[in-house]
Amino acid sequence: ETGEKSGPVYIIPVDQEIETGLEKFMRRGFKEAAKMNAGLIVLEINTPGGLVDTADKIGQLIRDSNITTVAYIQGNAASAGSYIALNADKIVMKPGSMIGAAAMVDRTGKRVEDAKLVAYWKSKMSAAAESSGRDSKIAEGMADINMVVDMPAIGEKKEKGDIIALSSEQALKVGYADHIASTPDE
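In my numbering, each number is its position in the sequence shown, counted from 1, plus 339.
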């Protein structure tokens with residue numbers, strides 16, 4: 340765990356579908372931030388999600404960075420967007436934002452039933468949550484519709500057939516958000 344280092348704050352918007360264009364854009368951003376000796380990278384997230392393999396590469400990019408990263412969720416960190424947020428060192432959410440709803444879907448938007456694919460994605464979500472010391476069961480419940488997950492901190496239980504999507508307030512209570520802030524400056 341690196342201490343807060345001083346240096347400019349570098350903001351990278353993640354406000355589109357997660358596909359290879361976004362990955363290239365983020366790679367450039369992380370390179371530039373390193374060149375600038377940034378002390379912090381803020382990922383401003385508002386995405387419906389996208390390609391799992393691309394999200395995986397972006398997650399790796401975030402984890403490999405020597406610069407502290409904060410995911411600032413200003414809208415939705417849905418689906419693969421929640422995976423990206425979970426790889427950051429800290430998660431800050433804007434009031435009214437959302438994280439979760441990460442069930443895998445195919446190109447037509449139909450839910451993927453393939454048990455192997457679901458298990459793979461679930462393990463990715465789980466590992467990302469664990470990497471930042473969060474409850475991995477909740478991440479798994481964001482990805483797997485068949486899981487039952489108890490969330491006593493918010494007095495809720497995810498039943499079979501539901502998928503977990505957390506509001507900023509709920510995320511704070513279950514440890515999926517470190518802070519709530521209305522602006523990136525905050």
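Just so you know, even glycine gets a beta-carbon here, dropped at the ideal spot from N, CA and C. This structure is a prediction, so every number in the text was calculated from the model and none was measured.
Going by the CB atoms, is the gap between residue j and residue i shorter than 8 Å?
{"i": "V409", "j": "K433", "result": "no"}
{"i": "M443", "j": "V457", "result": "yes"}
{"i": "K418", "j": "P387", "result": "One point to set straight first is that residue 418 is Ser, not Lys, in the sequence displayed. Cβ atoms of S418 and P387: closer than 8 Å."}
{"i": "L425", "j": "M375", "result": "no"}
{"i": "L361", "j": "A427", "result": "no"}
{"i": "K497", "j": "G514", "result": "no"}
{"i": "P347", "j": "A377", "result": "yes"}
{"i": "I503", "j": "I477", "result": "yes"}
{"i": "G439", "j": "S462", "result": "no"}
List the residues that DSSP assigns as beta-bridge partners of residue i.
{"i": "D474", "result": "D474 pairs with nothing; no bridge assigned."}
{"i": "V444", "result": "R450"}
{"i": "I519", "result": "M432"}
Quick check on the DSSP output: the beta strand (DSSP E) that includes residue i runs from which residue to which?
{"i": "T407", "result": "T407 to A417"}
{"i": "A504", "result": "A504 to S506"}
{"i": "G439", "result": "M437 to G439"}
{"i": "K496", "result": "E495 to K497"}
{"i": "M432", "result": "K429 to M432"}
Which value, in whole angstroms, describes the spacing of the CA atoms of residue i and residue j?
{"i": "E358", "j": "L390", "result": "6 Å"}
{"i": "T447", "j": "M437", "result": "23 Å"}
{"i": "T341", "j": "T407", "result": "With a pLDDT of only 46 at T341, under the threshold of 50, the placement of this residue in the model should not be trusted; the figure read from the coordinates follows. Each residue's alpha carbon lies about 7 Å from the other."}
{"i": "R366", "j": "S404", "result": "10 Å"}
{"i": "D483", "j": "A441", "result": "8 Å"}
{"i": "T586", "j": "Q413", "result": "With the chain covering 340 to 525 only, the question about residue 586 has no answer from this structure."}
{"i": "M486", "j": "L379", "result": "36 Å"}
{"i": "I350", "j": "D453", "result": "37 Å"}
{"i": "D445", "j": "E469", "result": "26 Å"}
{"i": "Y459", "j": "D395", "result": "11 Å"}
{"i": "S507", "j": "E495", "result": "15 Å"}
{"i": "A467", "j": "R473", "result": "9 Å"}
{"i": "K363", "j": "T393", "result": "10 Å"}
Mind checking which residues open and close the alpha helix (DSSP H) that includes residue i?
{"i": "M486", "result": "From DSSP, M486 is part of no alpha helix (DSSP H); its letter is neither H nor E."}
{"i": "E371", "result": "T359 to K374"}
According to DSSP, is residue i helix, strand or coil?
{"i": "V457", "result": "helix"}
{"i": "Y349", "result": "strand"}
{"i": "L379", "result": "strand"}
{"i": "G514", "result": "coil"}
{"i": "T386", "result": "strand"}
{"i": "D403", "result": "helix"}
{"i": "E469", "result": "helix"}
{"i": "E525", "result": "coil"}
{"i": "E479", "result": "helix"}
{"i": "Q355", "result": "coil"}
{"i": "D501", "result": "coil"}
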